[in-house]
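This note's numbering numbers the first residue of the sequence shown as 1 and each following residue consecutively. C-beta atoms are modelled at their ideal positions from N, C-alpha and C, and glycine is treated no differently.
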Amino acid sequence: KGNFDKALEYADKLFNKSDSANISYMDYVYYGNALNGLKRHDEAIAMFQKALDQEFDNKDKRAGVIQTLANAYKGIEDYPNAIKYYEQYLNEVTKASAADYHSFAQLHVQHANTLEGDEKSNTFKKADDIYANMQSKYADIDDFIAFQRARIGMYMDPESKLELAKPHYEKLVELIEAKEEKEKTDTTRLIEGYRYLINYYLNIKDDTATAKNIAQKLKNIDPENEIAKMVLGLK
């Protein structure tokens, strides 16, 4: 908090006690960041908005301020504005990254979790569409995208009646199983995929044999897994 107070003191002198200060967009951003750090979010957002009214010598610098503004709205859980400005950031930045699109999709997921009914489903669908579009651009993170789409499928269809998560968990499992070396994250996601598929075949399809085959795979990577033990013990 002390650093934010010092930044605020500096900004106060610059904006309120200097007649000749040549104020730039970065000064507004600096001031906004200090206000954000002190939980004065509405004031911070006003500063970021003022920053966007200044001159920029580089369009990516302006895009960066738009992203900061979007994140400020996210900080106060104003998801409609966060989504609005994050989309503007994506449209203005020279080259958006996979992480940028992931953040955009997650804003929709977080927004959906505050909604009900068709509005909730439609917002989850928008998040899924973002990940679907990412698949053609970022083949090197196919497993990560499959995992995110599987999770969204579960949010939209928690009882698996529409099988929205199934194809994505199947793809996730296929991609991770094919890896010669698996990181801890891979194993964690593989366990989740196996658990989903076991439940699907056992409780939705009443296919104990397939459920047992998957349970054996689960037991192979997680020997003490209680679900695997239970399913393998079924007659």
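Endpoints, alpha helix (DSSP H) assigned at residue i
{"i": "GLN54", "result": "GLN54 -> no alpha helix (DSSP H), and no H or E assigned at all."}
{"i": "ASN36", "result": "25-37"}
{"i": "ALA211", "result": "208-221"}
{"i": "GLU77", "result": "Here GLU77 belongs to no alpha helix (DSSP H), and DSSP marks it neither H nor E."}
{"i": "ARG149", "result": "142-156"}
{"i": "SER136", "result": "Where SER136 is concerned, there is no enclosing alpha helix (DSSP H), given that its DSSP letter is neither H nor E."}
{"i": "ILE204", "result": "Counting along the chain, ILE204 falls outside any alpha helix (DSSP H), and DSSP gives it neither H nor E."}
{"i": "ASN174", "result": "Looking at the sequence shown, residue 174 is not Asn but Glu. Counting along the chain, the alpha helix (DSSP H) containing GLU174 begins and ends at 166-177."}
{"i": "ALA98", "result": "98-112"}
{"i": "LEU232", "result": "226-232"}
Buried versus exposed, by CB contacts within 10 Å (16 or more), residue i
{"i": "THR185", "result": "exposed"}
{"i": "ILE204", "result": "exposed"}
{"i": "ALA132", "result": "exposed"}
{"i": "SER97", "result": "exposed"}
{"i": "SER136", "result": "exposed"}
{"i": "LYS161", "result": "exposed"}
{"i": "ASN33", "result": "buried"}
{"i": "ASN22", "result": "exposed"}
{"i": "ASN58", "result": "exposed"}
{"i": "ASP27", "result": "buried"}
{"i": "GLY117", "result": "exposed"}
{"i": "ALA82", "result": "buried"}
Inter-residue CB distance, residue i and residue j (contact presumed, cutoff 8 angstroms)
{"i": "LEU232", "j": "LYS219", "result": "7 angstroms"}
{"i": "LEU202", "j": "ALA211", "result": "4 angstroms"}
{"i": "ALA165", "j": "ALA150", "result": "5 angstroms"}
{"i": "ILE76", "j": "HIS41", "result": "5 angstroms"}
{"i": "ALA146", "j": "ALA127", "result": "That belief does not hold up - the Cβ atoms of ALA146 and ALA127 are roughly 14 angstroms apart, past 8 angstroms."}
{"i": "LEU52", "j": "ALA44", "result": "The Cβ separation is near 13 angstroms, so there is no contact."}
Closer than 8 angstroms to chain D by CB, residue i
{"i": "ILE204", "result": "This model lacks chain D altogether, as it is built from one protein chain only."}
Can you find at least 3 beta carbon pairs, one from the segment 109-123 and one from the segment 90-101, that sit closer than 8 angstroms? no
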